[in-house]
Structures are given as C-alpha cells and as structure tokens.
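Beneath this line is the structure, given in structure tokens, with notes to follow.
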Amino acid sequence: MVVTARLVHTNLVHPEWMLPAHLAMMDHQSSLSPSRLDAIRQNLHTSATSRCASLHPNRTCATFAYATCRKLLKRSAHIFVPLHGLSLCLSVGMNRPVSLRRTATSLARSLAFMTSSYMLAYSTFCLLPPHNDLAMIRLTSLTPFLAQYLEPPPRRASIVKAVACYSLLSVYFQLSAKYLVVSKRTGTRLAAVLFATCMTYLLQHPERHSRWAMEYLYGPKLSTKSKDNDVDADMA
39 MVVTARLVHT NLVHPEWMLP AHLAMMDHQS SLSPSRLDAI RQNLHTSATS
89 RCASLHPNRT CATFAYATCR KLLKRSAHIF VPLHGLSLCL SVGMNRPVSL
139 RRTATSLARS LAFMTSSYML AYSTFCLLPP HNDLAMIRLT SLTPFLAQYL
189 EPPPRRASIV KAVACYSLLS VYFQLSAKYL VVSKRTGTRL AAVLFATCMT
239 YLLQHPERHS RWAMEYLYGP KLSTKSKDND VDADMA
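So that you can map any letter, position 94 of the sequence shown is 132 in our numbering, and since no number is skipped, the others follow by simple counting.
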C-alpha cells in the first residue's frame, strides 16, 4: 500500500521524480491529454481553479465520467488484449491445457483493474471537498492499491514488483535533487545502475530477505523450495 501510494503521489505532485518512460506510460494509460495532465498538476500546486475545472473544463462531472470510462476501457483493451492473446498462443504452442472461459475471465479482470484504477482516482477529484487537496491526494494514492485486488494473486504480485521498482527510482531522484551534485544525464545513469543492482541482488538471493516480503512477491513455493534446498545441503 505504501509503495503504491508513493508512486501515485509522485505522479501527481512530483512527476520530475519519475523516469520519462515511466511517466509517459502512466500518462498514456490515463486517457487524458498531456496538456490536461499538466494543467491538473499545476493546479494542485497553485489551486488557481477548482479540481473539476482543471480535470474536465466545460463539461459536467457525469458527462466526463461516462466519456472517460469508455476511453479507459478502450485503452485497457489495446494493452491487455494483445498480452492475453500472446499468452494464449504460447499455451497452445506448448500443448498446455487451455480454458477459454478462464482466459476471458482473466482478461475481464485486467480490463476492470486498469479502468477502475483511474476512474476511482478521477472520482475523488470531483466527490471530495474542493478545498482539501491533501485529503484528495491521499485518497487518490490508495485507489490503485484497492483496484489491484481485481487481479489474480500471481498477476497482482507482478504489479507490486513493478510499482516497487518505480517507487525506488522516485526515491532516488528525490534524494539526488537535494544531495547529488551531478548532471541530470549522469544522475539517470546512476539510477539505472542502482535499479539493476538492487533487482539483481533480490533475484539472486531471495532467501536472505524478509520471508514475508518474499512470499508476498513470489509466492509460498519459494520458501518451501529454499527449505528443501537446505535439507539437501545438510544431507550432502
């Protein structure tokens, strides 16, 4: 929950703490234009207009919600239909049992996850008191965490790992802006090295870290496998 809230807060309030590729990916998924997103972020700092006016000028909340929900469903389909299609083709190619019903259910859950993640966030813009931006940002930061429970546990674990990676990089950029006296290009390279080093260490030595965290990320089979390896080593 903390890492998810951190990422959403960074995206809304401090987009400069994100890698350009990560920021562009999240902005593309939002179905809002870059100019509209810039206006929303600027308004959160200045409060020059109401949140509704910055989110959907010249439109009512209901009209915006209906139109945006359709756009988000379409955007989600563009992302997840090819991914689920490739997974289905891979299963067929490897002679694995295929259930079209299960595949359709999995696709529907993915579409609901992405659509609800953004629609819940947009709802907080309009429904919460207009002069309490801090409360809105805090609640909005929690909406993707709640929406991810629409996904099955294995895919939810993958989402958590990706969000944790993005949040780690945002912490680096936040600290480097204050304490690291290097060019932005050099800072980005250092961030990439830090990210690769941390992920390599985690993947190579998961048994050295918190058992709860590793089971949450990789599933309980990892700890069982580690115990079996320890028993085999003792017997040897």
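Using N, Cα and C, we set each Cβ at its ideal position, and we do this for glycine too.
Using only the alpha-carbon positions, how far apart do residue i and residue j sit?
i: Leu260; j: Arg147; result: Caution is warranted here: a pLDDT of 49 is assigned to Leu260, below 50, making its placement in the model unreliable, and no coordinate value can be reported.
i: Arg74; j: Thr106; result: 13 Å
i: Ser92; j: Gln212; result: 26 Å
i: Glu142; j: Met63; result: Note that residue 142 is Ala in the sequence shown here, rather than Glu. For Ala142 and Met63, the distance between alpha carbons rounds to 25 Å.
i: Cys99; j: Ile117; result: 26 Å
i: His94; j: Val130; result: 45 Å
Can the beta-carbon of residue i be found closer than 7 Å to that of residue j?
i: Ser155; j: Pro182; result: yes
i: Thr7; j: Leu177; result: Beyond the ends of the chain as shown, which are 39 and 274, falls residue 7; an answer cannot be given.
i: Leu207; j: Leu57; result: yes
i: Lys109; j: Ser69; result: yes
Please classify residue i as buried or exposed, where buried requires at least 16 neighbouring CB atoms within 10 angstroms.
i: Arg134; result: exposed
i: Arg113; result: buried
i: Tyr217; result: exposed
i: Val136; result: exposed
i: Met210; result: Here residue 210 is Tyr; the residue named in the question, Met, does not match the sequence. Buried: at least 16 other Cβ atoms inside 10 Å.
i: Leu128; result: exposed
i: Ser186; result: Looking at the sequence provided, one finds Gln at residue 186 rather than Ser. So Gln186 counts as buried.
Any heavy atom of the ligand NAP closer than 6 Å to the Cβ of residue i?
i: Gly123; result: Ligands in the displayed structure: none, and consequently the ligand NAP is not present.
Looking at the secondary structure, which residues open and close the alpha helix (DSSP H) in which residue i lies?
i: Thr48; result: Val40 to Val51
i: Arg147; result: Leu138 to Leu165
i: Ala200; result: Pro191 to Tyr217
i: Leu57; result: Unbroken run through Leu57: none, as it is neither H nor E.
i: Arg89; result: Arg89 to Leu93
Please confirm whether residue i has its beta-carbon closer than 7 Å to some beta-carbon of chain C.
i: Leu93; result: No chain C is part of this structure, which consists of one protein chain only.
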